[in-house]
Amino acid sequence: MQDNNKHEFYLTCEKYYIFELLTMAAGMMGLYTYNLRGGVFCNAQTGNIVLMSMAFGHGEISEGFYYLIPFSAYLAGTIVSEIMPEKIRHLLFIRWDTFLIGFEILILMLIGFMPLSWPAQIVQVIINFICSMQYNTFRQAEGISMATTFLTNHVRQVGIYLAKYVSERDNEIKKKLLRHSQIILVFFLGGMIMTYASRLFYERAIWLALIPLLVCFILMLHADLFNERSKLNQKPHGH
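Here the sequence shown is numbered in the numbering used here, starting from 1 and rising by one per residue.
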(Lines of atoms letter the chains of each structure in order from A and count residues from 1; the text may use other names and numbers.)
(Lines give C-alpha, C1' and ligand atoms only; values in the text may rest on other atoms or scores of the structure.)
Protein backbone atom coordinates (compact mmCIF):
# COMPACT_ATOMS: atom_id res chain seq x y z
CA MET A 1 0.00 0.00 0.00
CA GLN A 2 1.44 3.39 -0.99
CA ASP A 3 2.10 5.94 1.74
CA ASN A 4 0.78 9.21 0.32
CA ASN A 5 2.29 11.25 3.15
CA LYS A 6 5.77 10.62 1.77
CA HIS A 7 4.80 12.44 -1.43
CA GLU A 8 2.81 15.25 0.17
CA PHE A 9 3.63 18.71 -1.16
CA TYR A 10 4.11 21.46 1.39
CA LEU A 11 4.21 25.16 0.61
CA THR A 12 7.19 27.20 1.78
CA CYS A 13 4.99 28.81 4.46
CA GLU A 14 4.48 25.30 5.89
CA LYS A 15 8.14 24.33 6.02
CA TYR A 16 9.48 23.41 9.43
CA TYR A 17 12.39 25.86 9.23
CA ILE A 18 9.89 28.70 8.71
CA PHE A 19 8.10 27.67 11.91
CA GLU A 20 11.40 27.56 13.79
CA LEU A 21 12.26 31.10 12.69
CA LEU A 22 8.78 32.39 13.57
CA THR A 23 8.93 30.73 16.98
CA MET A 24 12.30 32.31 17.71
CA ALA A 25 10.86 35.73 16.80
CA ALA A 26 7.83 35.06 19.03
CA GLY A 27 10.13 34.17 21.94
CA MET A 28 11.84 37.49 21.44
CA MET A 29 8.52 39.37 21.35
CA GLY A 30 7.29 37.69 24.52
CA LEU A 31 10.41 38.48 26.52
CA TYR A 32 10.54 42.00 25.07
CA THR A 33 7.13 42.88 26.50
CA TYR A 34 7.95 41.12 29.77
CA ASN A 35 11.34 42.78 30.25
CA LEU A 36 10.62 46.26 28.89
CA ARG A 37 6.91 46.81 28.28
CA GLY A 38 4.95 46.21 31.45
CA GLY A 39 6.06 42.79 32.66
CA VAL A 40 3.49 40.76 30.69
CA PHE A 41 3.63 38.09 28.00
CA CYS A 42 1.61 39.08 24.94
CA ASN A 43 1.92 35.85 22.93
CA ALA A 44 -1.30 34.28 24.26
CA GLN A 45 -4.34 35.19 26.34
CA THR A 46 -4.60 32.64 29.16
CA GLY A 47 -2.64 34.91 31.51
CA ASN A 48 -4.84 37.90 30.73
CA ILE A 49 -8.02 35.92 31.40
CA VAL A 50 -6.56 34.71 34.72
CA LEU A 51 -5.62 38.26 35.73
CA MET A 52 -9.02 39.59 34.67
CA SER A 53 -10.83 36.98 36.78
CA MET A 54 -8.56 37.78 39.75
CA ALA A 55 -9.24 41.50 39.40
CA PHE A 56 -13.02 40.98 39.32
CA GLY A 57 -12.72 38.55 42.21
CA HIS A 58 -10.94 41.21 44.28
CA GLY A 59 -13.56 43.79 43.37
CA GLU A 60 -11.11 45.76 41.18
CA ILE A 61 -13.65 46.30 38.43
CA SER A 62 -11.82 48.97 36.40
CA GLU A 63 -8.61 46.92 36.36
CA GLY A 64 -10.59 43.86 35.35
CA PHE A 65 -12.13 45.65 32.40
CA TYR A 66 -8.66 46.76 31.28
CA TYR A 67 -7.82 43.16 30.35
CA LEU A 68 -10.60 43.28 27.80
CA ILE A 69 -8.31 45.53 25.73
CA PRO A 70 -5.53 42.97 25.03
CA PHE A 71 -8.16 40.23 24.80
CA SER A 72 -10.05 42.24 22.17
CA ALA A 73 -6.83 42.93 20.26
CA TYR A 74 -6.08 39.21 20.17
CA LEU A 75 -9.64 38.44 19.06
CA ALA A 76 -9.41 41.10 16.35
CA GLY A 77 -6.17 39.59 15.08
CA THR A 78 -7.86 36.22 14.65
CA ILE A 79 -10.79 37.77 12.78
CA VAL A 80 -8.54 39.78 10.46
CA SER A 81 -6.38 36.75 9.68
CA GLU A 82 -9.51 34.81 8.70
CA ILE A 83 -10.86 37.53 6.40
CA MET A 84 -7.73 38.79 4.66
CA PRO A 85 -6.07 35.79 2.91
CA GLU A 86 -8.29 35.84 -0.18
CA LYS A 87 -8.22 39.63 -0.46
CA ILE A 88 -4.43 39.86 -0.22
CA ARG A 89 -3.87 37.03 -2.69
CA HIS A 90 -6.06 38.67 -5.33
CA LEU A 91 -4.87 42.22 -4.67
CA LEU A 92 -1.10 41.76 -4.32
CA PHE A 93 -0.55 38.34 -5.96
CA ILE A 94 1.26 37.06 -2.89
CA ARG A 95 0.06 34.83 -0.08
CA TRP A 96 -1.46 36.28 3.07
CA ASP A 97 1.22 34.40 5.05
CA THR A 98 3.94 36.38 3.26
CA PHE A 99 2.11 39.69 3.62
CA LEU A 100 1.65 39.05 7.35
CA ILE A 101 5.37 38.56 7.95
CA GLY A 102 6.10 41.77 6.03
CA PHE A 103 3.49 43.54 8.16
CA GLU A 104 5.06 42.19 11.35
CA ILE A 105 8.47 43.44 10.25
CA LEU A 106 7.09 46.93 9.67
CA ILE A 107 5.26 47.03 13.01
CA LEU A 108 8.23 45.77 15.03
CA MET A 109 10.47 48.29 13.32
CA LEU A 110 8.10 51.07 14.41
CA ILE A 111 7.91 49.71 17.97
CA GLY A 112 11.69 50.07 18.22
CA PHE A 113 11.22 53.83 17.85
CA MET A 114 8.67 54.07 20.68
CA PRO A 115 10.37 55.32 23.87
CA LEU A 116 10.05 53.21 26.99
CA SER A 117 8.41 56.24 28.61
CA TRP A 118 5.31 55.66 26.47
CA PRO A 119 2.47 53.66 28.09
CA ALA A 120 3.43 49.98 27.92
CA GLN A 121 -0.15 49.10 27.00
CA ILE A 122 0.35 50.53 23.49
CA VAL A 123 3.03 47.99 22.63
CA GLN A 124 1.25 45.21 24.51
CA VAL A 125 -1.91 45.61 22.43
CA ILE A 126 0.03 45.82 19.15
CA ILE A 127 1.98 42.64 19.88
CA ASN A 128 -1.20 40.90 21.05
CA PHE A 129 -2.69 41.71 17.66
CA ILE A 130 0.20 40.47 15.52
CA CYS A 131 0.81 37.35 17.65
CA SER A 132 -2.84 36.41 17.24
CA MET A 133 -2.60 36.71 13.46
CA GLN A 134 0.63 34.70 13.39
CA TYR A 135 -0.81 31.96 15.60
CA ASN A 136 -3.97 31.65 13.50
CA THR A 137 -2.14 31.78 10.16
CA PHE A 138 0.70 29.30 10.73
CA ARG A 139 -0.97 26.11 11.91
CA GLN A 140 0.91 23.10 10.56
CA ALA A 141 4.57 22.52 9.83
CA GLU A 142 4.82 19.83 7.16
CA GLY A 143 1.68 18.14 8.42
CA ILE A 144 2.45 18.47 12.14
CA SER A 145 0.17 20.80 14.13
CA MET A 146 2.27 23.55 15.65
CA ALA A 147 1.90 26.90 17.42
CA THR A 148 4.57 29.53 16.83
CA THR A 149 3.70 31.97 19.62
CA PHE A 150 3.46 29.86 22.80
CA LEU A 151 4.68 26.49 24.06
CA THR A 152 2.00 24.83 26.19
CA ASN A 153 0.89 22.40 23.50
CA HIS A 154 4.49 21.66 22.47
CA VAL A 155 5.34 20.65 26.04
CA ARG A 156 2.27 18.39 26.02
CA GLN A 157 3.26 16.85 22.69
CA VAL A 158 6.80 16.18 23.90
CA GLY A 159 5.35 14.25 26.83
CA ILE A 160 3.00 12.28 24.59
CA TYR A 161 5.58 11.37 21.97
CA LEU A 162 8.26 10.59 24.56
CA ALA A 163 5.93 8.10 26.23
CA LYS A 164 5.02 6.57 22.86
CA TYR A 165 8.62 6.37 21.68
CA VAL A 166 9.76 4.57 24.82
CA SER A 167 7.24 1.82 24.17
CA GLU A 168 7.13 1.74 20.34
CA ARG A 169 10.55 2.95 19.09
CA ASP A 170 8.90 4.26 15.93
CA ASN A 171 10.90 6.65 13.70
CA GLU A 172 7.86 8.78 12.85
CA ILE A 173 7.14 9.26 16.55
CA LYS A 174 10.79 10.14 17.11
CA LYS A 175 10.62 12.74 14.34
CA LYS A 176 7.58 14.43 15.92
CA LEU A 177 9.20 14.28 19.37
CA LEU A 178 12.30 16.04 18.05
CA ARG A 179 10.30 18.63 16.12
CA HIS A 180 8.29 19.73 19.15
CA SER A 181 11.42 19.69 21.32
CA GLN A 182 13.26 21.89 18.85
CA ILE A 183 10.40 24.39 18.80
CA ILE A 184 10.68 24.69 22.59
CA LEU A 185 14.43 25.17 22.24
CA VAL A 186 14.27 27.95 19.64
CA PHE A 187 11.62 29.81 21.67
CA PHE A 188 13.92 29.54 24.69
CA LEU A 189 16.90 30.80 22.69
CA GLY A 190 14.90 33.73 21.32
CA GLY A 191 13.81 34.70 24.81
CA MET A 192 17.32 34.37 26.22
CA ILE A 193 18.80 36.51 23.45
CA MET A 194 16.12 39.17 23.94
CA THR A 195 16.61 39.26 27.71
CA TYR A 196 20.31 39.98 27.24
CA ALA A 197 19.70 42.46 24.40
CA SER A 198 17.10 44.35 26.44
CA ARG A 199 19.81 45.52 28.83
CA LEU A 200 21.92 46.80 25.95
CA PHE A 201 19.51 48.26 23.42
CA TYR A 202 16.36 49.04 25.45
CA GLU A 203 13.34 49.73 23.18
CA ARG A 204 15.41 48.99 20.06
CA ALA A 205 16.09 45.44 21.24
CA ILE A 206 12.93 44.36 19.40
CA TRP A 207 14.77 44.90 16.14
CA LEU A 208 16.63 41.63 16.78
CA ALA A 209 13.34 39.84 16.08
CA LEU A 210 13.50 41.30 12.57
CA ILE A 211 16.37 38.96 11.67
CA PRO A 212 14.42 35.66 11.68
CA LEU A 213 11.35 37.42 10.28
CA LEU A 214 13.33 38.90 7.38
CA VAL A 215 14.70 35.47 6.50
CA CYS A 216 11.14 34.09 6.48
CA PHE A 217 9.86 36.99 4.39
CA ILE A 218 12.56 36.66 1.73
CA LEU A 219 12.10 32.89 1.39
CA MET A 220 8.31 33.12 1.26
CA LEU A 221 8.22 36.09 -1.13
CA HIS A 222 10.60 34.31 -3.50
CA ALA A 223 8.33 31.25 -3.42
CA ASP A 224 5.22 33.35 -4.12
CA LEU A 225 6.80 35.16 -7.06
CA PHE A 226 8.67 32.23 -8.60
CA ASN A 227 8.67 28.63 -7.29
CA GLU A 228 5.06 28.50 -6.10
CA ARG A 229 3.40 31.17 -8.23
CA SER A 230 1.06 28.59 -9.75
CA LYS A 231 0.02 27.47 -6.26
CA LEU A 232 -1.16 30.81 -4.83
CA ASN A 233 -4.69 29.43 -4.50
CA GLN A 234 -3.56 26.35 -2.56
CA LYS A 235 -4.43 26.61 1.11
CA PRO A 236 -1.87 25.50 3.68
CA HIS A 237 -2.71 22.31 5.55
CA GLY A 238 -4.90 22.91 8.57
CA HIS A 239 -6.94 25.72 6.98
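All residues carry an ideal CB built from backbone N, CA and C; glycine is no exception.
Whole-angstrom C-beta distance between residue j and residue i, which should lie under 8 Å
{"i": "Pro212", "j": "Met24", "result": "5 Å"}
{"i": "Glu20", "j": "Gln182", "result": "7 Å"}
{"i": "Thr98", "j": "Phe201", "result": "Rounded, the Cβ-Cβ distance is 28 Å, inconsistent with contact."}
{"i": "Ile193", "j": "Leu108", "result": "About 15 Å; that fails the 8 Å criterion."}
{"i": "Cys42", "j": "Met54", "result": "Going by Cβ atoms, the distance from Cys42 to Met54 rounds to 18 Å, so no, they are not a contact pair."}
Local Cβ density within 10 Å of residue i, reported as buried at 16 or more and exposed below that
{"i": "Pro119", "result": "exposed"}
{"i": "Leu36", "result": "buried"}
{"i": "Glu170", "result": "Strictly speaking, residue 170 in this sequence is Asp, with Glu absent from that position. Exposed: under 16 other Cβ atoms inside 10 Å."}
{"i": "Ala163", "result": "exposed"}
{"i": "Arg156", "result": "exposed"}
{"i": "Gly77", "result": "buried"}
{"i": "Lys87", "result": "exposed"}
{"i": "Ser72", "result": "exposed"}
{"i": "Leu31", "result": "buried"}
{"i": "Thr46", "result": "exposed"}
{"i": "Ser132", "result": "buried"}
{"i": "Val166", "result": "exposed"}
{"i": "Lys234", "result": "The question names Lys, but residue 234 is Gln in the sequence shown. Answer is exposed; the Cβ neighbour count stays below 16."}
{"i": "Asn227", "result": "exposed"}
{"i": "Asn153", "result": "exposed"}
{"i": "Ile111", "result": "buried"}
{"i": "Ile79", "result": "exposed"}
{"i": "Gly159", "result": "exposed"}
{"i": "Arg229", "result": "exposed"}
{"i": "His180", "result": "buried"}
Residue span of the alpha helix (DSSP H) that contains residue i, given as start and end
{"i": "Glu8", "result": "It is not in any alpha helix (DSSP H) - Glu8 carries neither H nor E in the DSSP assignment."}
{"i": "Ala163", "result": "Thr152 to Glu168"}
{"i": "Cys212", "result": "Strictly speaking, residue 212 in this sequence is Pro, with Cys absent from that position. Looking at the DSSP string, the run of the alpha helix (DSSP H) that includes Pro212 is Leu210 to His222."}
{"i": "Tyr17", "result": "Tyr16 to Leu36"}
{"i": "Ile173", "result": "Asn171 to Phe201"}
{"i": "Ile111", "result": "Trp96 to Ile111"}
{"i": "Thr46", "result": "Thr46 to Gly57"}
DSSP bridge partner residues for residue i (one or two, in chain order)
{"i": "Ala240", "result": "As displayed, the chain neither begins before 1 nor continues past 239, which places residue 240 out of reach and without an answer."}
{"i": "Ala141", "result": "Ile144"}
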